[in-house]
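Protein chains in written order, with numbering that gives the first Met the number 0: chain A, 0 to 191; chain B, 0 to 191; chain C, 0 to 191; chain D, 0 to 191; chain E, 0 to 191; chain F, 0 to 191.
Number of protein chains: 6
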Amino acid sequence: MDKAISRFPVPALDELPEDVRHRILAVQEKAGFVPNVFLTLAHRPDEFRAFFAYHDALMEKDSGLSKAEREMIVVTTSGANQCQYCVVAHGAILRVRAKNPLIADQVAVNYRKADITARQSAMLDFALKVSLHAQEVGDADFSVLREHGFADQDIWDIGAVAAFFAMSNRLANMTSMRPNDEFFLMGRTAMS
Amino acid sequence: MDKAISRFPVPALDELPEDVRHRILAVQEKAGFVPNVFLTLAHRPDEFRAFFAYHDALMEKDSGLSKAEREMIVVTTSGANQCQYCVVAHGAILRVRAKNPLIADQVAVNYRKADITARQSAMLDFALKVSLHAQEVGDADFSVLREHGFADQDIWDIGAVAAFFAMSNRLANMTSMRPNDEFFLMGRTAMS
Amino acid sequence: MDKAISRFPVPALDELPEDVRHRILAVQEKAGFVPNVFLTLAHRPDEFRAFFAYHDALMEKDSGLSKAEREMIVVTTSGANQCQYCVVAHGAILRVRAKNPLIADQVAVNYRKADITARQSAMLDFALKVSLHAQEVGDADFSVLREHGFADQDIWDIGAVAAFFAMSNRLANMTSMRPNDEFFLMGRTAMS
Amino acid sequence: MDKAISRFPVPALDELPEDVRHRILAVQEKAGFVPNVFLTLAHRPDEFRAFFAYHDALMEKDSGLSKAEREMIVVTTSGANQCQYCVVAHGAILRVRAKNPLIADQVAVNYRKADITARQSAMLDFALKVSLHAQEVGDADFSVLREHGFADQDIWDIGAVAAFFAMSNRLANMTSMRPNDEFFLMGRTAMS
Amino acid sequence: MDKAISRFPVPALDELPEDVRHRILAVQEKAGFVPNVFLTLAHRPDEFRAFFAYHDALMEKDSGLSKAEREMIVVTTSGANQCQYCVVAHGAILRVRAKNPLIADQVAVNYRKADITARQSAMLDFALKVSLHAQEVGDADFSVLREHGFADQDIWDIGAVAAFFAMSNRLANMTSMRPNDEFFLMGRTAMS
Amino acid sequence: MDKAISRFPVPALDELPEDVRHRILAVQEKAGFVPNVFLTLAHRPDEFRAFFAYHDALMEKDSGLSKAEREMIVVTTSGANQCQYCVVAHGAILRVRAKNPLIADQVAVNYRKADITARQSAMLDFALKVSLHAQEVGDADFSVLREHGFADQDIWDIGAVAAFFAMSNRLANMTSMRPNDEFFLMGRTAMS
Numbered sequence: 000m001d002k003a004i005s006r007f008p009v010p011a012l013d014e015l016p017e018d019v020r021h022r023i024l025a026v027q028e029k030a031g032f033v034p035n036v037f038l039t040l041a042h043r044p045d046e047f048r049a050f051f052a053y054h055d056a057l058m059e060k061d062s063g064l065s066k067a068e069r070e071m072i073v074v075t076t077s078g079a080n081q082c083q084y085c086v087v088a089h090g091a092i093l094r095v096r097a098k099n100p101l102i103a104d105q106v107a108v109n110y111r112k113a114d115i116t117a118r119q120s121a122m123l124d125f126a127l128k129v130s131l132h133a134q135e136v137g138d139a140d141f142s143v144l145r146e147h148g149f150a151d152q153d154i155w156d157i158g159a160v161a162a163f164f165a166m167s168n169r170l171a172n173m174t175s176m177r178p179n180d181e182f183f184l185m186g187r188t189a190m191s
Numbered sequence: 000m001d002k003a004i005s006r007f008p009v010p011a012l013d014e015l016p017e018d019v020r021h022r023i024l025a026v027q028e029k030a031g032f033v034p035n036v037f038l039t040l041a042h043r044p045d046e047f048r049a050f051f052a053y054h055d056a057l058m059e060k061d062s063g064l065s066k067a068e069r070e071m072i073v074v075t076t077s078g079a080n081q082c083q084y085c086v087v088a089h090g091a092i093l094r095v096r097a098k099n100p101l102i103a104d105q106v107a108v109n110y111r112k113a114d115i116t117a118r119q120s121a122m123l124d125f126a127l128k129v130s131l132h133a134q135e136v137g138d139a140d141f142s143v144l145r146e147h148g149f150a151d152q153d154i155w156d157i158g159a160v161a162a163f164f165a166m167s168n169r170l171a172n173m174t175s176m177r178p179n180d181e182f183f184l185m186g187r188t189a190m191s
Numbered sequence: 000m001d002k003a004i005s006r007f008p009v010p011a012l013d014e015l016p017e018d019v020r021h022r023i024l025a026v027q028e029k030a031g032f033v034p035n036v037f038l039t040l041a042h043r044p045d046e047f048r049a050f051f052a053y054h055d056a057l058m059e060k061d062s063g064l065s066k067a068e069r070e071m072i073v074v075t076t077s078g079a080n081q082c083q084y085c086v087v088a089h090g091a092i093l094r095v096r097a098k099n100p101l102i103a104d105q106v107a108v109n110y111r112k113a114d115i116t117a118r119q120s121a122m123l124d125f126a127l128k129v130s131l132h133a134q135e136v137g138d139a140d141f142s143v144l145r146e147h148g149f150a151d152q153d154i155w156d157i158g159a160v161a162a163f164f165a166m167s168n169r170l171a172n173m174t175s176m177r178p179n180d181e182f183f184l185m186g187r188t189a190m191s
Numbered sequence: 000m001d002k003a004i005s006r007f008p009v010p011a012l013d014e015l016p017e018d019v020r021h022r023i024l025a026v027q028e029k030a031g032f033v034p035n036v037f038l039t040l041a042h043r044p045d046e047f048r049a050f051f052a053y054h055d056a057l058m059e060k061d062s063g064l065s066k067a068e069r070e071m072i073v074v075t076t077s078g079a080n081q082c083q084y085c086v087v088a089h090g091a092i093l094r095v096r097a098k099n100p101l102i103a104d105q106v107a108v109n110y111r112k113a114d115i116t117a118r119q120s121a122m123l124d125f126a127l128k129v130s131l132h133a134q135e136v137g138d139a140d141f142s143v144l145r146e147h148g149f150a151d152q153d154i155w156d157i158g159a160v161a162a163f164f165a166m167s168n169r170l171a172n173m174t175s176m177r178p179n180d181e182f183f184l185m186g187r188t189a190m191s
Numbered sequence: 000m001d002k003a004i005s006r007f008p009v010p011a012l013d014e015l016p017e018d019v020r021h022r023i024l025a026v027q028e029k030a031g032f033v034p035n036v037f038l039t040l041a042h043r044p045d046e047f048r049a050f051f052a053y054h055d056a057l058m059e060k061d062s063g064l065s066k067a068e069r070e071m072i073v074v075t076t077s078g079a080n081q082c083q084y085c086v087v088a089h090g091a092i093l094r095v096r097a098k099n100p101l102i103a104d105q106v107a108v109n110y111r112k113a114d115i116t117a118r119q120s121a122m123l124d125f126a127l128k129v130s131l132h133a134q135e136v137g138d139a140d141f142s143v144l145r146e147h148g149f150a151d152q153d154i155w156d157i158g159a160v161a162a163f164f165a166m167s168n169r170l171a172n173m174t175s176m177r178p179n180d181e182f183f184l185m186g187r188t189a190m191s
Numbered sequence: 000m001d002k003a004i005s006r007f008p009v010p011a012l013d014e015l016p017e018d019v020r021h022r023i024l025a026v027q028e029k030a031g032f033v034p035n036v037f038l039t040l041a042h043r044p045d046e047f048r049a050f051f052a053y054h055d056a057l058m059e060k061d062s063g064l065s066k067a068e069r070e071m072i073v074v075t076t077s078g079a080n081q082c083q084y085c086v087v088a089h090g091a092i093l094r095v096r097a098k099n100p101l102i103a104d105q106v107a108v109n110y111r112k113a114d115i116t117a118r119q120s121a122m123l124d125f126a127l128k129v130s131l132h133a134q135e136v137g138d139a140d141f142s143v144l145r146e147h148g149f150a151d152q153d154i155w156d157i158g159a160v161a162a163f164f165a166m167s168n169r170l171a172n173m174t175s176m177r178p179n180d181e182f183f184l185m186g187r188t189a190m191s
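Here it is, written out as structure tokens:
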């Protein structure tokens with residue numbers, strides 16, 4: 000059984016550029032461990048920097064979508080793309096952000112049966128369409144979202160998060176990126 | 000948010016035939032709660048009896064496959080069929096039987112990245128082929144399994160478990176069967 | 000050319016448990032031959048018993064669906080799953096029960112062009128959705144069926160028959176179960 | 000129930016150009032009835048002429064493939080394309096030409112379980128690839144066929160028949176062309 | 000790198016039957032070169048004659064669809080079928096006939112984003128349905144087209160062009176027919 | 000006919016942050032026009048910065064893949080994802096970088112018929128697998144690429160370019176990003 004983090008080289012921390020090492024130490028400080036996505040991308044510092052700058056621009060900023068809703072998009076689309084790293088790692092973050100120990104497993108498998116609102120269901124319909132059939136997105140999709148109260152900037156956020164994780168899912172599957180054991184149990188005991 | 004157990008009627012225990020009620024009380028005694036599949040099927044006693052007789056004939060008997068391996072087949076194929084009930088409920092059973100808190104989430108999302116043996120990987124390849132493309136099963140598939148040491152009776156077991164849960168997944172999705180909250184956390188803390 | 004009944008062992012009648020042999024002799028008495036599904040499952044008596052108990056609970060009982068309509072569901076979904084045994088054997092039963100020599104070939108290939116009512120067409124739409132995309136079944140599907148006059152218990156029957164034959168189709172394809180030659184011609188001459 | 004021959008106009012025989020009427024009367028003389036494909040295409044005489052010229056060039060000429068083998072290709076690919084007219088009408092012709100009452104239903108549902116030779120199985124593998132995924136045809140496909148003894152002109156015939164019926168299947172489904180009742184029973188009683 | 004015109008024999012002009020040679024010389028006179036489809040089909044004179052008779056009956060005659068619209072159908076469906084010859088050669092013809100240097104690349108990749116009218120978009124929706132899912136064509140599809148002003152004879156033309164090129168695409172992919180270099184640049188400079 | 004650049008707001012240049020405006024003016028200086036991707040992303044400066052930083056890290060740096068080969072990956076995968084902007088814009092760049100006016104249309108439609116080497120064909124096989132079925136990537140895929148002489152860092156580049164454009168394709172399709180007219184003709188006349 001192969002428990003490697005990645006098919007590609009994982010550099011030691013002291014071989015990394017200052018800013019990359021700093022970023023990794025900061026996340027370790029906060030989370031208590033280093034999520035493997037940081038280690039997997041580290042041997043490509045320019046891609047590392049762009050990846051996390053993009054990630055933070057979408058996932059950390061203010062938005063008409065809550066942070067938990069953005070994580071719902073990540074887990075739902077990553078489930079559809081069979082990306083183990085993203086489902087497990089972002090599933091943990093979703094449980095924590097939604098303070099709901101059930102929601103991640105629900106949307107990862109079939110969001111149509113999840114404990115979500117009709118508005119969130121419409122959000123995930125669109126996110127999955129962008130993830131799986133973006134070529135078919137049309138004006139009618141935007142109308143449905145506007146009827147659910149989404150502003151156009153919110154619609155961009157839904158689609159951009161789905162698009163970013165379309166990339167992430169492929170990177171994780173190509174590299175066979177292994178989710179840290181810690182993620183599997185995070186956020187499971189604080190029953191909402 | 001709809002937290003109903005099923006789209007269809009769920010009878011009270013005292014309305015049920017004696018043997019059905021007995022079976023439900025026995026599982027409640029053992030598990031500490033009644034898994035919703037028992038309640039969802041209860042209004043159809045003949046189907047209830049046949050379903051669990053079939054289930055037990057496949058999942059409880061002696062076999063060249065361990066009970067944990069049979070649950071792996073269930074969770075893997077149910078993930079492919081997006082069956083929330085089966086992934087969550089049998090994911091719990093798999094964690095318990097394998098004494099492994101990670102395995103269920105791994106195979107539910109992408110068994111190709113799971114901590115399993117080459118033999119188990121071949122087993123799941125075949126199970127998924129039966130689940131998703133049974134019309135293409137051919138002699139070459141049997142040869143691969145035999146090379147991994149599976150006897151023909153084991154191959155039957157792999158295929159029959161995949162076929163039985165092809166049915167179960169459809170019943171659960173048709174009825175919108177809700178997994179009990181208890182399943183989500185079961186077996187997550189006993190690190191192997 | 001291989002005309003074996005099954006890839007797996009087919010026991011002689013006198014090696015079988017009493018009840019299994021009795022069931023097989025009864026069907027032979029009635030049909031004039033033993034349909035190969037009985038012989039294919041016979042080496043697994045517990046599965047044999049559960050399979051036919053389940054089958055009879057769905058296909059033989061009173062229902063809001065006629066027996067011919069239930070066979071239509073079988074033939075239509077088995078065609079979609081490319082299950083030669085089920086299309087040929089249940090096609091014969093459908094012709095006999097519907098007293099219609101054309102209907103089985105029509106629905107096996109493309110039910111949208113079959114000589115059926117709008118109500119039956121809605122029934123087959125739902126059956127195929129359960130068979131092929133059960134994860135997408137939603138409340139709107141139930142509304143359509145209710146508009147066509149189906150009670151909820153009828154909807155269960157449609158979905159449960161589709162689900163049971165999702166299993167049967169996979170068993171038949173895994174075992175390479177051969178339809179008896181007799182089925183091909185049954186019910187073809189009594190023009191309705 | 001709509002038993003129309005076609006969604007489009009079907010002219011009376013005496014409204015047709017001389018050569019078209021002649022062709023139709025000739026087939027009626029030979030078969031005892033007029034197959035509906037002749038009536039469906041008749042209102043477009045130029046297309047009628049080109050269609051049957053093409054058909055005859057592929058299906059009636061001498062070839063390294065027997066006429067029965069060419070009909071096998073038609074029935075197999077038409078089954079995959081869910082074309083009721085072509086499966087039923089050419090299924091009848093296949094039974095007659097192969098003098099085998101079982102073969103048409105076998106290949107229409109799943110040619111992998113049909114009573115055919117390994118060479119015919121390779122022929123149908125290629126025909127289905129041309130029918131369903133022609134963009135993926137490559138040199139390796141030609142090598143497999145040559146190993147089974149097919150000359151390049153035979154390979155053209157396999158692919159050209161599959162391609163021609165890719166067109167026919169679409170015309171029949173677009174027009175909702177109804178197979179004549181006569182076809183369903185033809186060739187079913189002469190056991191080979 | 001293989002720049003062969005076809006996987007199959009390409010006869011010299013003076014080996015061809017008179018009418019076939021005449022047709023080829025006529026197109027060469029008009030276009031300035033011989034499109035490779037003529038050379039690829041030439042070793043099968045009967046198929047050559049039927050193919051071009053059919054082609055001309057659909058593409059050259061008067062119709063409720065303009066010649067440019069018919070070429071739009073060809074390029075759109077050939078893009079979906081990944082047929083390099085048809086996209087490149089008919090893309091050139093479309094640019095010339097529409098006097099629009101952009102339209103061919105637009106519809107070949109994604110007609111939903113092309114500079115076309117709502118009526119043309121409905122036309123291409125139907126053409127793609129015939130090309131990719133003809134078995135699902137139903138009365139509702141005809142209603143949509145009629146609402147856009149298409150007569151039934153126009154609908155036939157849309158579907159028949161899509162069906163004919165379903166055949167052509169498969170022939171071109173099977174033969175690995177190479178588009179002439181001349182097509183790539185034709186019609187690209189006359190900005191509309 | 001809608002010739003808007005994007006479904007979302009496109010800010011005026013003087014409303015943009017200094018660095019974003021500077022980047023846009025620089026590309027305009029070099030190309031003679033502003034590719035619409037810069038204008039479409041400009042209203043989200045943080046995402047704009049991350050997107051182009053990522054793009055340049057993959058597409059502009061030294062690599063075992065030539066710049067033309069990286070553009071081949073872009074055009075091939077964007078064709079599969081039906082992304083009009085990326086096929087047209089990167090098709091132009093590919094023609095220029097490869098000094099080959101045919102290559103872009105060839106790989107956009109069907110790279111299996113393109114004038115490329117066996118090594119490039121293996122590269123595109125892998126790129127498409129990452130783009131369309133990344134969950135199925137396995138060790139065998141890496142072995143094939145190594146046999147064609149690709150180093151592991153080259154394999155990362157192939158997969159990362161495919162992954163990045165999986166994101167870009169979805170953004171372009173979600174926003175309905177319009178390719179500039181200039182791209183359609185670029186690089187078409189310098190015959191190699």
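Quick reminder that beta carbons are idealized off the backbone N, C-alpha and C, glycines included.
For Lys98/A, which of helix, strand or coil comes out of DSSP? In the structure shown, Lys98/A sits in coil (DSSP, three-state: anything other than H, G, I, E or B).
Sub-8 Å separation of Met122/E and Glu68/E beta-carbons: Yes, Cβ-Cβ distance for Met122/E and Glu68/E is below 8 Å.
Here's a check: name, in chain order, each residue in its chain whose Cβ is nearer than 8 Å to the Cβ of Pro16/A, leaving out the five neighbours to either side. If we look at Pro16/A and ignore the five residues flanking it on each side, its Cβ neighbours are Pro44.
CB contact below 8 Å: Leu170/B versus chain C: Closer than 8 Å: yes.
In its own chain, which residues sit with a C-beta less than 7 Å from the C-beta of Val108/E, not counting the 5 before and 5 after it? Closer than 7 Å at the Cβ level, and outside the excluded window around Val108/E, lie Gly78.
So that I know if they touch, is there some Cβ in chain B lying closer than 8 Å to that of Arg48/A? Interface annotation, Arg48/A: not in contact with chain B, CB-CB separation never under 8 Å.
For the structure I just gave you, are there three or more beta carbon pairs, one from the segment 96 to 111 of chain D and one from the segment 81 to 88 of chain C, closer than 8 Å? The segment 96 to 111 of chain D vs the segment 81 to 88 of chain C: in contact.
Have a look at Val95/B, Gly63/B, Phe37/B, Glu181/B and flag the residue whose alpha-carbon is nearest the alpha-carbon of Asp156/B. It is Gly63/B.
Buried/exposed call for Thr188/F, threshold 16 Cβ in 10 Å: By the neighbour-count rule (16 or more Cβ atoms within 10 Å), Thr188/F is not buried but exposed.
Does the contact criterion of 3 or more C-beta pairs under 8 Å hold for the segment 162 to 174 of chain F versus the segment 159 to 172 of chain A? By the C-beta criterion, the segment 162 to 174 of chain F is judged to be in contact with the segment 159 to 172 of chain A, since at least 3 inter-stretch pairs fall below 8 Å.
Classification of Val143/F by the beta-carbon crowding that lies within 10 angstroms, buried from 16 upward: Result: exposed.
Assess contact between the segment 89 to 97 of chain D and the segment 175 to 187 of chain D, defined as three or more Cβ pairs (one per stretch) separated by less than 8 Å. Is contact present? Judged by Cβ distances under 8 Å, the segment 89 to 97 of chain D makes contact with the segment 175 to 187 of chain D, as three or more pairs qualify.
Return the chain-ordered list of same chain residues with a C-beta closer than 8 Å to the C-beta of Thr196/C, the five sequence neighbours on each side being excluded. As shown, chain C starts at 0 and ends at 191. That puts residue 196/C outside it, with no answer to give.
Below-8 Å beta-carbon distance, Lys112/D vs any chain C residue: Output row for Lys112/D: interface = yes.
Interface residues of the segment 50 to 76 of chain A facing chain F [CB-CB below 9 Å]: Here the close residues are Phe50, Phe51, Ala52, Tyr53, His54, Asp55, Ala56, Leu57, Lys60.
State the DSSP-derived secondary structure class of Arg187/C, mapped to helix, strand or coil. DSSP places Arg187/C in the coil class of the three-state scheme, outside both helix and strand.
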